[in-house]
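Residue numbers (my numbering): 142 to 571. The structure under discussion appears below in the form of structure tokens.
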């Protein structure tokens with residue numbers, strides 16, 4: 142009986158204690174809620190809040206720019222309910238300055254505006270303003286310089302800058318604050334290569350950088366360059382001394398020539414290396430050609446001063462513009478030379494546009510080279526040369542002269558040529 146009564150008392154105590162514990166826990170929860178959510182003056186400090194500019198694009202419309210980096214930061218104290226304030230971070234706070242009111246160059250003190258999330262109030266912040274240096278945006282033309290960085294065992298040429306359609310780019314326009322533009326002397330294109338180059342190369346889309354006179358790069362977000370990039374053509378050359386040759390472009394004349402010597406005998410030749418093709422296999426080069434018009438007769442030898450003319454892929458590094466070719470003819474030639482006299486009856490001047498002129502030349506002697514078999518035929522033909530004519534055109538009158546060439550009857554075929562150049566004199570009138 143006693144044991145049963147004891148158990149009943151213990152059970153009653155447990156039943157009575159449980160509600161008490163629950164009440165205490167609820168009281169704690171309510172207290173914490175009141176502390177964290179109802180206390181209106183809980184404070185929190187923040188440092189290093191970056192100031193962000195807004196409406197900066199209005200400066201572009203007014204040809205203005207902020208010079209220098211805007212690196213202002215704000216120290217801030219906010220307050221509010223503990224439950225709200227403790228959840229806020231620096232990312233929830235926004236500090237800005239508005240450029241919309243700036244209309245001219247100079248130093249401007251702009252107020253800093255703070256934006257807070259809901260539930261927070263500013264207690265204090267510093268600084269209240271930020272000073273910005275606003276300058277006019279100006280522009281000026283500068284030269285473009287190619288400065289490729291590479292190594293090669295061959296001769297480096299002067300690199301050039303071109304645009305996308307191959308046009309030469311010699312200048313660019315830089316724009317920005319006047320205080321920075323005065324430092325800019327030129328802009329450079331600086332393609333760089335790690336390996337050794339063995340052939341001419343083209344670098345596409347090379348960025349232009351602003352530089353001082355001594356080549357120091359000027360790095361600034363406020364500097365604009367037009368064009369922004371170029372194509373850089375990097376020429377590499379091979380150079381070699383080779384023998385000089387002179388040739389004739391007349392197949393008939395070749396048979397009469399015994400030898401041709403040239404002075405000077407050698408030249409320093411330069412060639413741009415393309416696809417690794419060098420001067421390795423080149424030992425000589427033909428620098429001039431001649432034909433019957435360049436010689437005055439068929440004597441034993443003749444000295445011709447001829448202009449140097451080579452293909453565009455070669456350069457004459459010695460710089461001489463003419464060569465002297467000594468042409469020696471064979472003693473037993475297959476041709477003979479004869480003088481032909483042409484008078485007004487066998488000088489024909491074409492005049493398709495009816496120009497007014499009067500032929501002053503009454504007769505003209507022409508040195509003609511004739512193959513021996515044809516010469517025999519001509520010698521047996523009466524008035525054989527009567528069918529030959531000198532022809533020219535009134536459209537080609539220069540300084541009162543018309544150049545004439547020998548017209549040969551078809552029945553004699555090839556091989557008959559006039560040696561030298563010939564002109565008739567005319568008088569022009571209205």
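By construction, the Cβ of each residue, glycine as well, lies at the ideal position given by its N, Cα and C atoms. The model shown is predicted, which means the values in this text are computed figures rather than measured ones.
In this structure, what does DSSP give as the bridge partners for residue i?
| i | result |
| --- | --- |
| residue 375 | 342 |
| residue 251 | 271 |
| residue 256 | 235 |
| residue 282 | 314 |
| residue 277 | 205 |
| residue 564 | 544 |
| residue 453 | In DSSP, residue 453 forms no bridge with anything. |
| residue 578 | For residue 578 there is no data in the structure shown, the boundaries of the chain being 142 and 571. |
| residue 220 | 184 and 262 |
| residue 530 | 548 |
| residue 539 | 542 |
May I have the straight-line CA-CA distance separating residue i from residue j, to the nearest angstrom?
| i | j | result |
| --- | --- | --- |
| residue 390 | residue 432 | 6 Å |
| residue 380 | residue 319 | 47 Å |
| residue 415 | residue 349 | 26 Å |
| residue 501 | residue 471 | 38 Å |
| residue 275 | residue 210 | 11 Å |
| residue 333 | residue 344 | 9 Å |
| residue 216 | residue 304 | 51 Å |
| residue 340 | residue 425 | 22 Å |
| residue 106 | residue 570 | Because the chain is modelled from 142 through 571, residue 106 falls outside the range shown and cannot be assessed. |
| residue 186 | residue 337 | 60 Å |
| residue 107 | residue 486 | Given that the chain is displayed from residue 142 to residue 571, the structure contains no residue 107 and the question cannot be resolved. |
| residue 580 | residue 191 | Residue 580 is absent from the structure shown; the chain starts at 142 and stops at 571. |
| residue 417 | residue 306 | 25 Å |
| residue 478 | residue 529 | 16 Å |
Using alpha carbons as the reference points, say which of the options lies closest to residue i.
| i | options | result |
| --- | --- | --- |
| residue 402 | 395, 413, 388 and 408 | 388 |
| residue 462 | 472, 449, 495 and 455 | 449 |
| residue 296 | 419, 396 and 209 | 419 |
| residue 246 | 333, 460, 206 and 212 | 206 |
| residue 526 | 550, 410 and 562 | 550 |
| residue 291 | 239, 523, 377 and 310 | 377 |
| residue 405 | 413, 423, 398 and 429 | 429 |
| residue 256 | 237, 244, 538 and 541 | 237 |
| residue 490 | 534, 529 and 508 | 534 |
| residue 507 | 468, 564 and 201 | 564 |
| residue 464 | 250, 399 and 427 | 427 |
| residue 254 | 261, 239 and 384 | 239 |
| residue 442 | 244, 460 and 467 | 467 |
| residue 370 | 315, 492 and 436 | 315 |
| residue 284 | 553, 312, 484 and 265 | 312 |
| residue 475 | 437, 557, 331 and 499 | 557 |
| residue 271 | 553, 195, 375 and 213 | 213 |
Quick one: is the Cβ of residue i within less than 6 Å of any heavy atom of the ligand ADP?
| i | result |
| --- | --- |
| residue 220 | Judged by which ligands are present, the structure shown has none, so any question about the ligand ADP falls away. |
Answer with buried or exposed for residue i, where buried requires no fewer than 16 other C-beta atoms within 10 angstroms of its C-beta.
| i | result |
| --- | --- |
| residue 453 | exposed |
| residue 366 | buried |
| residue 518 | exposed |
| residue 138 | This structure cannot speak to residue 138, because the chain is shown only from 142 to 571. |
| residue 346 | exposed |
| residue 221 | buried |
| residue 510 | buried |
| residue 352 | buried |
| residue 107 | The first residue shown for the chain is 142 and the last is 571, placing residue 107 beyond what the model contains. |
| residue 514 | exposed |
| residue 309 | exposed |
| residue 372 | buried |
| residue 523 | exposed |
Secondary structure, beta strand (DSSP E): runs of 3+ residues fully inside the region 482 to 522 | Considered as a whole, the region 482 to 522 harbours 488 to 491, 498 to 500 and 504 to 512 as its complete beta strand (DSSP E) runs of no fewer than 3 residues, in chain order.
Unbroken stretches of the beta strand (DSSP E), 3 residues or longer, contained in the region 297 to 369 = Listed in chain order, the complete beta strand (DSSP E) runs (minimum 3 residues) inside the region 297 to 369 are 301 to 303, 312 to 318, 327 to 330, 333 to 337, 342 to 352 and 365 to 367.
Can you list the beta strand (DSSP E) stretches of 3 or more residues lying completely in the region 392 to 422, in chain order?
-> Listed in chain order, they are 398 to 404 and 407 to 413.
In chain order, which continuous runs of the alpha helix (DSSP H) of length 4 or greater are located wholly inside the region 178 to 204?
-> Runs found: 198 to 202.
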